[in-house]
Structures are given as C-alpha cells and as structure tokens.
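> Take this structure, written in structure tokens, and hold onto it; I'll ask about it next.
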Ligand code: KIV
Ligand code: ZN
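Numbering (the numbering used here), first residue to last: 2 to 503.
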C-alpha cells in the first residue's frame, strides 16, 4: 500500500478564471458531481466574495456533493473569510483556503508591506478562519519565488495557528523541477511542526513545468496536489490532474496512490472541454486526440504485435474505449444515450429527443460522428433558452464580388432582418447583426477550428468581442462555418445584459 496523495481539484476556481471559460451554476454542479465520481478529495468550488455568481455556485455545489471536501478561496481578509464561511454552510465537509503573498515582489510591490507584517496577517487570517471551520488551508502566494527561510517561518507560524494544509504555489510558473523539489524538502527539513499539516503543491505552467514541478514536490514530501482537468487555468494553465495521476499510476515503484477512478478521466476531460468551449490540443498527454494514435508504420506494426511495445498506458485505463459502438444515421436513441452517459451526460428525455433530432441531421451530413460532435450537440441543446437566436442566414460571396449577407434574428419571439455588405462574408453577416441590434460591438478575436480533418467536419468558432469597454466571449459550431461564425457573434451578444444588447 503506497502513500496516499490527496487530489485537490481547482477546475472550478483557478480553471474557471480563464477568459471565456465561465460556467453557470447548473453547469458547475454538473462538473462537481462528475469530479465526485472521478474520486477527487477536495473540490475548490470558487472565490465567494468575488461575485454573487461565485457565492451561489459554492452554496449549490455544497448542497449537491457529498463525499469530497468543498473548499472556498479567500484573501487574508476577514470579510472574505466571513463570506466564504457563509457560502460553505451546507457543505458536509468544508475547507477555507486563505492566504497572502510571501515573495519579495508581493510583499513590497503588491501589498506595500514588510515581511513581519505579512507573517502577522497570515497568522491572523488562519486564526480567524479557524473560528468557522476545522479544516483551514493556507496558501503562500508566489511561494515559487519566495525566500525559503522566510517561507519556512511563515509555514511554521500558520501551522501553529491551526492550518491543516499548507499550499506552496508556484504562482508565476517560474520554478524548475529541482528548485521546486528542494523548496518542499527545505520545508520538510526546517519547519519544526511540519508533521502537523499536509504540504500541497499548486503549480502553474508558464515554462511548461507544472506537472514536472508537481511530481518533484510529491517526491520530496508534498501529499496534496492542486490540479485542473486538461490543465486549464490562467495564462499557460495549471498542473493537469490526468498527467499527475497517470504518472504515479505508471510508476508504482514510487509508492504513491490516489483515489482517482482513472477510467473516468477521458469522459470528464471531454465534458470540461465542451462546457468551457476550450479545445484540448491534439498532442496533449493522456487526453489529446493523438495521445494513443500511432501513425508511423513501424509503430503500428509494433503495437499490433504487442500493445506494450509502444504504449505505456492502456487507453482503456483512462476510459478510452475503442470498441464502443459506431454512431451513424441508423443508430437509435439508446445507442446515443449510452454514448452520452459514457461522456458524463445524463440527459432528461426531452433534451435527449432534441439532441437525437440534431444528431440525425448531422449524421446525414457527416458519416463519421465523433464524440466531439456529440458534445457540441449537447452544448447546442443547452443554448435553447437564449434571448437572441439566429433564425435565417444567407451569404453571397466569391471572387471579384462584394460579399453580402442577409440575417434574420429572433429576439425574444420577434423577428428582425437586415442585409449588409462587408469586406468578407463573416464581416457582412456581422454587420447585418449589428444593424439589427443597433449597438457598437467590435470583434477583437476570431478563431475558426475543425475537430477532425475532413471537409465535411464541424467548424468551431470562438469570438471575443468588446462592447462598452467590456469583453464578452462567444462560441458557435456548425458544418457551415458562416453559420458557426454568426452564431458565435450572437452568443457573445446574448451574454450582455438585454438592456445593452438591444
Ligand atoms: O496561483 C496561486 O497562487 C493561486 C492561489 C490563490 C492559491 O491560485
Ligand atoms: Zn493558481
């Protein structure tokens, strides 16, 4: 029996901070339930004081999840801690995660303070959180660039004040694996009461070292890892859950065990990618489309002779089931329902009927329906309640002609239409939408991607727009990229308040 490594998932907090990845409360509950089934020990559900939406999500997740601890983030500020404790009131097991910056930069240039005052504030925050909950985690922000001797003093003091977990974040993703491993070892060797708390790693991926640093931290004594599904997170992201879990599963000699049901990894990875409209890079370790695809003749031959010649992980161990039934235009509702359940979606009959209808339409256009296609259909079914819908689109464009687009929008049940030209077909369609909504909305980023490679593939469009100095993100997917682009623009407009949108 190996040493137990606790998995702290922060997909719903650090992961969700990524622009354009925001989820609503219902979606967050769905993710939290999937994380519970995956077997994570702690779910960081949000930063309650940051917005009423985050507060509500922490409350609702606390009510919906039984086994994992629910954690709420705070600054080392009493008001934050009061609000977090209130948001956690229904959690069966609860944790407050409070902390402050400990690096030279944070102490002097962010907090305008000095080391002794920061240490006092750290201790005071932990003591204050202890009034509400037994389980208090302290984070030393920017620990990756903090002086080890000072960090050890802070860690010792907060453990004395009652911290049960001490988090050592590499906030800026600056460390190299040997440095980070040495930092954890230094704390193990120099903090007299370190046996009274669990050390946690929380690594960011700015130099592509997040997983390596996390592994180095664990091999030097950390017993909690803070991770996200698919490694999503601000900038270059956080450590990815699947990489750390599979690294220790593949290296049993390191004697580290987690509670993760690895067969659920692929399903939750697709679910997060779909809900957050965040594609997984094809060569992403463990969950990328090509992670188990052997293309060279020598490799294919080797794998056919014995899978282990070229594969260190059995795809079935992470839930990739190659023998799953092919979905075609002849597949019934039951096959679709089964495949969606494997992907983590349990749809009610009415929703399933809607998705099935769309599935049949798509299967007519596209022979080979992939899981990503299904996820898009599920995503579309969720959008039904949107106030502004694209009712009709016709685009005329070609070489040596002025592109023209006619758009018809259904705005809360009323139909409006407009025809406009543009410097390209997308520009024309967007001008027509602008003409109807009478608002100045500027497109700042526009990204088109396909999932597979065929010309019959679904095009996925991400759009970032600006209106009244606010940024909004929209997403659209369709085999017709003009429709996908216009839908993405309309999706972003739907996120503005009705008063500003029209
Ligand atoms: O990266 C970081 O330092 C964090 C803390 C708030 C834990 O996310
Ligand atoms: Zn972070």
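Virtual Cβ for every residue (Gly too), placed ideally from N, Cα, C.
Please determine if the region 115 to 129 and the region 57 to 71 are in contact, where contact requires at least 3 C-beta pairs separated by less than 8 Å.
no
> Nearest-angstrom Cα distance between residue 142 and residue 62?
Taking the first residue of the chain shown as position 1, residue 142 is located at position 141. Taking the first residue of the chain shown as position 1, residue 62 is located at position 61. If you take the alpha carbons of residue 142 and residue 62, they lie about 26 Å apart.
> Whole angstroms is fine: what's the gap from residue 284's alpha carbon to residue 442's?
Sequence index remark: in the chain shown, residue 284 carries index 283 (1-based). Sequence index remark: in the chain shown, residue 442 carries index 441 (1-based). If I take the Cα positions, the gap works out to 35 Å.
> Give the single residue among 396, 80 and 65 whose Cα lies nearest to the Cα of residue 49.
For the purposes of this step, residue 49 is taken as the residue at position 48 of the chain shown. Taking only the C-alpha atoms, the option nearest residue 49 is 80.
> Grouping DSSP H, G and I as helix and E and B as strand, with all else coil, what is residue 391?
Within the chain shown, the letter at position 390 stands for residue 391. In this structure, residue 391 counts as strand in the three-state DSSP scheme.
> Can you look up residue 485 in the DSSP assignment and give me helix, strand or coil?
Counting from 1 along the chain shown, the entry for residue 485 is found at position 484. In the structure shown, residue 485 sits in a helix (DSSP, three-state: H, G or I).
> On a CA-only basis, which of 223, 173 and 288 is nearest residue 321? Give me that one, please.
Reading the chain shown from its first residue, position 320 is the one you call residue 321. Selected option, being the one with the closest Cα: 288.
> Could you pull out every residue in the same chain whose Cβ sits closer than 7 Å to the Cβ of residue 324, ignoring the five residues on either side in sequence?
Numbered from its first residue, the chain shown carries residue 324 at position 323. Its pLDDT being 45, under 50, residue 324 is placed unreliably in this model, and the coordinates cannot settle the point.
> Taking its Cβ as the centre, do 16 or more other Cβ atoms sit within 10 Å of residue 418, making it buried, or is it exposed?
For the purposes of this step, residue 418 is identified with residue 417 of the chain shown, where counting begins at 1. The residue is exposed, with fewer than 16 neighbouring Cβ atoms inside 10 Å.
> Would you mind working out which of 451, 179, 106 and 483 sits nearest residue 148, comparing C-alpha positions?
On the chain shown, residue 148 is found 147 positions in, with the first residue counted as 1. Answer by Cα proximity: 106.
> For the candidate residues 175, 102 and 134, whose alpha-carbon lies nearest to that of residue 590?
With the chain covering 2 to 503 only, the question about residue 590 has no answer from this structure.
> For residue 406, name the three-state secondary structure that DSSP assigns.
On the chain shown, position 405 is the one that residue 406 refers to. DSSP places residue 406 in strand when its eight states are reduced to three.
> Could you give the DSSP three-state label for residue 380: helix, strand or coil?
Here residue 380 refers to the residue found at position 379 when the chain shown is read from its first residue. In the structure shown, residue 380 sits in a helix (DSSP, three-state: H, G or I).
> Mind checking whether the beta-carbon of residue 15 lies closer than 6 Å to any heavy atom of the ligand ZN?
Your numbering for residue 15 matches position 14 in the chain shown. Indeed, a heavy atom of the ligand ZN lies less than 6 Å from the Cβ.
> Pair every Cβ in the region 218 to 234 with every Cβ in the region 14 to 27, then say whether three or more of these pairs are closer than 8 Å.
yes
> Is residue 351 near the ligand KIV, judged by its Cβ being under 6 Å from some heavy atom?
Along the chain shown, read from residue 1 onward, the residue named residue 351 stands at position 350. Short note on residue 351: C-beta not closer than 6 Å to any heavy atom of the ligand KIV.
> Report buried or exposed for residue 337, applying the criterion of at least 16 other Cβ atoms within 10 angstroms of its Cβ.
On the chain shown, position 336 is the one that residue 337 refers to. It is buried - the Cβ of residue 337 has at least 16 other Cβ atoms within 10 Å.
> Near residue 425, which residues of its chain fall below 6 Å by C-beta distance, leaving aside the five closest residues on each side in sequence?
Here residue 425 is taken as the residue at index 424 of the chain shown, counted from 1. If we look at residue 425 and ignore the five residues flanking it on each side, its Cβ neighbours are 404.
> With DSSP as the reference, identify every bridge partner of residue 299, one or two as the case may be.
As a working mapping, residue 299 is identified with position 298 in the chain shown. Note: residue 299 sits in no beta bridge, so no partner.
> My output table needs one value for residue 249: the three-state DSSP class, helix, strand or coil.
Residue 249 sits at position 248 when you count from the first residue of the chain shown. Three-state DSSP puts residue 249 in a helix.
> Whose C-alpha, out of 121, 112, 110 and 96, is nearest the C-alpha of residue 131?
The residue you call residue 131 lines up with position 130 of the chain shown. Among 121, 112, 110 and 96, the Cα nearest to that of residue 131 is on 96.
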